[in-house]
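Participant: To start, I am sharing the structure in question, which I have written as structure tokens.
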Amino acid sequence: MATQDSDERAGGGTGRRALLGAAVLGAGGAVLGLPGTARATGARHGGGHGGGHGGGHGGGVKSLPVPTVIGHRGASGYRPEHTFGSYELALDLGADIVEAGDLVPTRDGHLVCRHEPEIGGTTDVADHPEFADRRRTKSLDGVSVTGWFTEDFTLAELKTLRATERIPANRPHNTLYDGRWEIPTFEEVLRWQNEQTRRRGKQVWIYPELKHPTYFRKLGLGTEERLARLLRKYGKHRKNSPVIIQSFEPTSIQRMNKLVDNPLAVLLSGANSRPWDFVETGDPRTTADLVTPEGLKEIASYAQGIGPTLDLIIPKDSAGRLTEPTTLVRDAHRAGLILHPYTMRNENPFLPAEFRKGDDPDAYGDVFGAFRTYFATGIDGVFTDNPDTGLLAREDFVNS
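When we follow full-length UniProt numbering, the leftmost residue of the sequence shown carries the number 1, and every step to the right adds one.
This is the structure in structure tokens:
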């Protein structure tokens, strides 16, 4: 999920719960030690397009359990994000989809998986004296950022680095794994997806994000075309392919809509924010305009879903406590869109105030209560750093 990340249509009735319960028993098998597949038997998103073979029992995105549990940058609550260690653990814990790839390019045009192009906070690059002179200050979507940037390295150079925990103050336990894994390329992710699908006997889904596409296009490193070429190379560019593509820039998703047939999602930050592509082109609209019925109808003309911040689902007051839900879930479903908001995390600082327990930034709060509250709004799924927690929360929800 992107820089804007703040560090089911509700059918009702026993029929819905029966379908979702079947999904949980399947997807939760890895957690509970039970046999089963990760696909629901009949659980469907009400708004998504797609169809055909999705790796389960048909239906593309419609074959996914609802609410869908998406491993945010893998299982980043337990391992350094965007590493194969994090991705594989997400599958082991039962995630329905793995967000395998915030995609940024190297100097020689390869797409690699990093939270941001600045890698000082997610790799050991600062410990490499041979790269000391690569440290730069750049304007990234209007923000001055100092560090080391992927576009200043060749792939071979990046492969000499190792991943580290991004938020060690909240996750000191993850620092145990610092230095263990290298930076994956997206092509490696696509091969890994195939390998994991064969090994696990069920279709593995991934949810890559195009990061700062306008910024990179101005550098001559357009990422949409590179992504489309890789998807076509591996035969994963169709509407029923198990790859959902997301971006915070609507025009980037519009571009992808012309290049591939994959399911697409527009990410949405705070209501008062403006997508950077809108800033660059002088489009005056804000996210608040995009989440109106008219804005959602426009999004639905080129995408199948949205990924709003959780605050767009239920705003918080000045004390950080949840207020009343907005009409976004209802309005998006009426437009035919699915909603996969972000991001659920177990630690206190990331939870609404009423679900925190104490002041320890590394301690877990009442995350099950928070999941229950968000699931009750009718969202179709959620990004979470802790897929096992999300699966248990879903089981609680559908059986309540």
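For glycine and all other residues, C-beta sits at the position ideal for the given N, C-alpha and C.
#1: Please say whether residue 136 and residue 152 have beta carbons closer to each other than 8 Å?
#2: Considering only their Cβ atoms, is the gap separating residue 184 from residue 113 smaller than 8 Å?
#3: For residue 227, report the span of its alpha helix (DSSP H) as first-last.
#4: Check whether the Cβ atoms of residue 79 and residue 91 sit closer than 8 Å, and answer yes or no.
#5: Exposed or buried, residue 173, counting other C-beta atoms within 10 Å across all chains shown (16 or more means buried)?
#6: Would you report the Cα separation of residue 224 and residue 241, rounded to the nearest angstrom?
#7: In its own chain, which residues sit with a C-beta less than 6 Å from the C-beta of residue 47, not counting the 5 before and 5 after it?
#8: Applying the criterion that 16 or more other CB atoms from any shown protein chain within 10 Å of the CB defines a buried residue, is residue 327 buried or exposed?
#9: If contacts are defined as beta-carbon pairs under 8 Å, then residue 401 and residue 349 qualify, I think. What distance do you get, rounded to the angstrom?
#10: Determine the extent of the beta strand (DSSP E) in which residue 404 is found, giving its start and end residues.
#11: For residue 209, count neighbouring Cβ atoms within 10 angstroms of its own Cβ and tell me buried if that reaches 16, exposed if not.
#12: So, does the stretch 232-247 touch the stretch 259-278, judging by three or more C-beta pairs under 8 Å?
#13: Report the rounded CA-to-CA distance for residue 318 versus residue 376, giving the unit in angstroms.
#14: Given that a residue counts as buried once 16 or more other Cβ atoms are within 10 Å of its Cβ, and exposed if not, what is residue 201?
#15: Could you give the DSSP three-state label for residue 298: helix, strand or coil?
#16: Mark residue 132 as exposed unless 16 or more other C-beta atoms lie within 10 angstroms of its C-beta, in which case mark it buried.
#17: Would you kindly report the start and end of the unbroken alpha helix (DSSP H) that includes residue 86?
#18: Between residue 254 and residue 302, how many whole angstroms is the CB-CB distance? I'm expecting something under 8 Å.
#19: May I ask which residues mark the beginning and end of the alpha helix (DSSP H) holding residue 389?
#20: State the start and end residues of the unbroken beta strand (DSSP E) segment that holds residue 265.
#21: Please classify residue 318: does DSSP put it in a helix, a strand, or coil?
#22: Identify, in the order they occur along the chain, each residue of the same chain with its Cβ nearer than 8 Å to the Cβ of residue 168, setting aside the five sequence neighbours on each side.
#23: Just the Cα atoms here: how many angstroms apart are residue 367 and residue 100?
#24: What residues are listed by DSSP as bridge partners for residue 118?
#25: Considering only C-alpha positions, which residue in the set 178, 110, 233, 358 is nearest to residue 165?
#26: So what's residue 326 in DSSP terms, helix, strand or just coil?
#27: Taking the alpha helix (DSSP H) that residue 189 falls in, what are its first and last residues?
#28: Please state the DSSP three-state secondary structure of residue 341.
#29: With a threshold of 8 Å between beta-carbons, can residue 237 be considered close to chain D, or not?
#30: Identify which residue in 277, 344, 217, 128 has its Cα closest to the Cα of residue 74.
#31: Looking only at its own chain, which residues have a Cβ that is under 7 Å from the Cβ of residue 154, when we skip the five neighbours before and after it?
#32: Roughly how many angstroms lie between the CA atoms of residue 119 and residue 104, to the nearest whole one?
#33: Which residues mark the beginning and the end of the alpha helix (DSSP H) in which residue 258 is found?
#34: Which two residues bound the contiguous beta strand (DSSP E) that contains residue 136?
#35: Kindly list the residues whose CB is nearer than 7 Å to the CB of residue 389, restricted to its own chain and excluding five residues on each side of it in sequence; keep chain order.
#36: Given that a residue counts as buried once 16 or more other Cβ atoms are within 10 Å of its Cβ, and exposed if not, what is residue 86?
Facilitator: On the basis of the coordinates in this document:
#1: Between residue 152 and residue 136, the gap from beta carbon to beta carbon is short of 8 Å.
#2: At the C-beta level, residue 113 and residue 184 come within 8 Å of one another.
#3: Taken as a continuous stretch (DSSP letters only), the alpha helix (DSSP H) holding residue 227 covers 223-233.
#4: Between residue 79 and residue 91, the C-beta spacing is not below 8 Å.
#5: Flag for residue 173 reads exposed.
#6: Taking the straight line from one Cα to the other gives about 17 Å.
#7: For residue 47, the predicted structure reports a pLDDT of 35, less than 50, and the residue's modelled location is therefore unreliable. The matter cannot be settled from this model.
#8: Its Cβ having fewer than 16 others within 10 Å, residue 327 is exposed.
#9: Shown here, the chain extends from 1 to 400; a query on residue 401 therefore has no answer.
#10: It is not possible to answer for residue 404, since the shown part of the chain is limited to 1 through 400.
#11: In this structure residue 209 is buried. Its beta-carbon is surrounded by 16 or more other beta-carbon atoms within 10 angstroms.
#12: As far as the Cβ criterion goes, the stretch 232-247 touches the stretch 259-278, which means the pair count is three or higher.
#13: About 23 Å.
#14: The residue is exposed, with fewer than 16 neighbouring Cβ atoms inside 10 Å.
#15: Residue 298 falls in the helix class under three-state DSSP.
#16: Note on residue 132: under 16 other CB atoms within 10 angstroms of its CB, so exposed under the neighbour-count rule.
#17: Taken as a continuous stretch (DSSP letters only), the alpha helix (DSSP H) holding residue 86 covers 84-92.
#18: The C-beta separation of residue 254 from residue 302 comes to about 5 Å, placing the pair in contact by the 8 Å criterion.
#19: Counting along the chain, the alpha helix (DSSP H) containing residue 389 begins and ends at 387-398.
#20: Its beta strand (DSSP E) spans residues 264-268.
#21: DSSP places residue 318 in coil when its eight states are reduced to three.
#22: In the same chain as residue 168, and ignoring 5 residues on each side of it, the C-beta atoms closer than 8 Å to its own belong to 174, 175, in chain order.
#23: Answer to the nearest angstrom: the Cα atoms are 24 Å apart.
#24: Answer is 149.
#25: Of the residues 178, 110, 233, 358, the one whose Cα lies closest to the Cα of residue 165 is 178.
#26: Residue state, collapsed to three classes: coil.
#27: For residue 189, the enclosing alpha helix (DSSP H) starts and ends at 186-200.
#28: If DSSP states are grouped into helix, strand and coil, residue 341 belongs with coil.
#29: Among the protein chains of the structure shown there is no chain D, as only one such chain exists.
#30: For residue 74, the closest C-alpha among the options 277, 344, 217, 128 is that of 344.
#31: So the list reads 106, 107, 108, once near-sequence residues are dropped.
#32: When rounded, the distance between both Cα atoms is 11 Å.
#33: It spans 250-259 - the alpha helix (DSSP H) in which residue 258 sits, taken as one unbroken run.
#34: Unbroken beta strand (DSSP E) run through residue 136: 136-140.
#35: Taking C-beta separations shorter than 7 Å and ignoring five residues to either side along the sequence, the partners of residue 389 in its chain run 346, 367, following chain order.
#36: Flag for residue 86 reads buried.
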